[in-house]
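Let me begin by presenting the structure, written as structure tokens, before commenting on it.
Numbering (the working numbering), first residue to last: 7 to 256.
If you want it as structure tokens, here you go:
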């Protein structure tokens with residue numbers, strides 16, 4: 007009895023000394039797909055926060071971007087990026103995945119759930135494109151597309167104009183133009199049975215919101231839509247609020 011009491015006190019003491027540990031009984035496996043020009047590096051802080059709460063986090067960096075920039079080629083297309091995520095899930099033998107796509111990552115995760123719906127627990131679109139079959143990023147209406155074309159085309163790439171040679175690493179890098187122009191083809195009806203949700207970030211002073219049309223599309227499908235006041239990059243500017251919402255969605 008005395009030993010049991012001492013053990014209990016030790017556990018209580020450890021929990022009190024580590025307040026970042028989540029008290030949730032349910033923990034998830036998050037696979038996070040970054041947006042255009044970015045990389046998994048942009049989600050390191052979110053990874054750390056979710057991990058401290060007991061979740062598993064896998065940050066995928068798409069081919070030609072981030073620390074995989076040395077693989078950049080104008081021949082990289084949307085299917086390459088879909089393959090990146092599919093293969094990571096399969097080779098790491100991940101199941102019951104909460105698949106999160108930010109911005110351009112919405113194009114990618116839509117293709118992923120079409121390929122391997124049995125591995126996905128839920129899809130979460132974070133201020134992301136929500137394409138239908140037959141659409142490409144460049145085929146969507148001007149309001150949303152403008153978010154991505156604040157850049158210049160050069161040698162088969164879209165180059166982010168806000169990045170200079172002197173910008174410190176990690177930083178955004180040019181992305182193959184093909185990933186923006188390739189059409190997404192969806193063929194697996196099983197994808198429609200995977201639960202999904204949409205998170206819309208918005209700034210009250212900006213109207214119309216570039217991603218409102220995709221939140222509306224999600225609502226029309228009967229998906230829950232969550233809203234948070236933030237710029238387009240909550241993984242940088244509103245981390246605590248984003249982590250709380252990501253835990254709430256599944």
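Cβ atoms here follow ideal geometry from the backbone N, Cα and C, with glycine treated the same way.
*What separation, rounded to the nearest whole angstrom, lies between the Cα atoms of residue 142 and residue 220?*
Their Cα atoms are separated by approximately 14 angstroms.
_Cβ neighbour criterion (16 or more within 10 Å) applied to residue 246_ = Residue 246 is classed as exposed because its beta carbon has fewer than 16 other beta carbons within 10 Å across all chains shown.
*Does the distance from the CB of residue 252 to the CB of residue 241 come in under 8 angstroms?*
Not in contact: residue 252 and residue 241 (Cβ atoms no closer than 8 angstroms).
*Using a Cβ-Cβ cut-off of 7 angstroms (strictly less than) and excluding sequence neighbours within five positions of residue 159, which residues of its own chain qualify?*
Leaving aside the five residues that flank residue 159 on each side, the residues in its chain whose CB is nearer than 7 angstroms to its CB run, in chain order, 183.
_residue 8 versus residue 56: straight-line alpha-carbon distance, rounded_ = Its pLDDT being 41, under 50, residue 8 is placed unreliably by the model, and the measurement read from it follows with that caveat. As the crow flies, the alpha-carbon of residue 8 is around 36 angstroms from that of residue 56.
*asked:* Per the DSSP calculation, residue 51 is bridged to which residue(s)?
replied: As far as DSSP is concerned, residue 51 takes part in no beta bridge.
*With which residues is residue 65 paired in a DSSP beta bridge?*
Partner(s): 38.
*Classify residue 174 as buried or exposed, calling it buried when 16 or more other Cβ atoms lie within 10 Å of its own Cβ.*
Burial call: exposed.
*Say whether the region 195 to 204 touches the region 128 to 146, bearing in mind that this needs 3 or more beta-carbon pairs closer than 8 angstroms, one atom from each stretch.*
These segments touch.
*If I'm right that residue 40 touches residue 111 with Cβ under 8 angstroms, what's the distance once you round it to whole angstroms?*
The C-beta separation of residue 40 from residue 111 comes to about 6 angstroms, placing the pair in contact by the 8 angstroms criterion.
*What first and last residue would you give for the beta strand (DSSP E) that runs through residue 128?*
In the DSSP assignment, residue 128 falls within the beta strand (DSSP E) that extends over 126 to 132.
*asked:* At 4 residues or longer, what runs of the alpha helix (DSSP H) sit wholly inside the region 175 to 236?
replied: Counting whole runs of 4 or more residues, the region 175 to 236 contains the alpha helix (DSSP H) stretches 184 to 187 and 218 to 226.
*When the Cα atoms are used, what is the spatial distance from residue 238 to residue 49?*
Their backbone Cα atoms lie some 14 angstroms apart in a straight line.
*Between residue 244 and residue 93, what straight-line distance do the alpha-carbon atoms span, to the nearest angstrom?*
Spanning the two alpha carbons is a distance of roughly 30 angstroms.
*What's the C-alpha gap between residue 17 and residue 126?*
With a pLDDT of only 37 at residue 17, under 50, the local geometry of the prediction cannot be trusted, and no value is derived from it.
*The alpha helix (DSSP H) spanning residue 255 covers which residue range?*
Under the DSSP assignment, residue 255 falls outside any alpha helix (DSSP H); it carries neither an H nor an E label.
*Per DSSP, the bridge partner or partners of residue 103*: Paired residues: 35 and 126.
*Over the uninterrupted alpha helix (DSSP H) stretch that includes residue 87, give me the two end residues.*
Residues 84 to 97.
*Could you tell me which residues DSSP pairs with residue 238 in its beta bridges?*
DSSP lists no partner for residue 238.
*Residue environment, residue 95, which counts as buried when at least 16 other CB atoms sit within 10 Å*: Buried is the call here.
*Closest to residue 212 by CA distance: which of 235, 47, 191 and 222 is it?*
Closest in alpha carbon position to residue 212, among 235, 47, 191 and 222, is 235.
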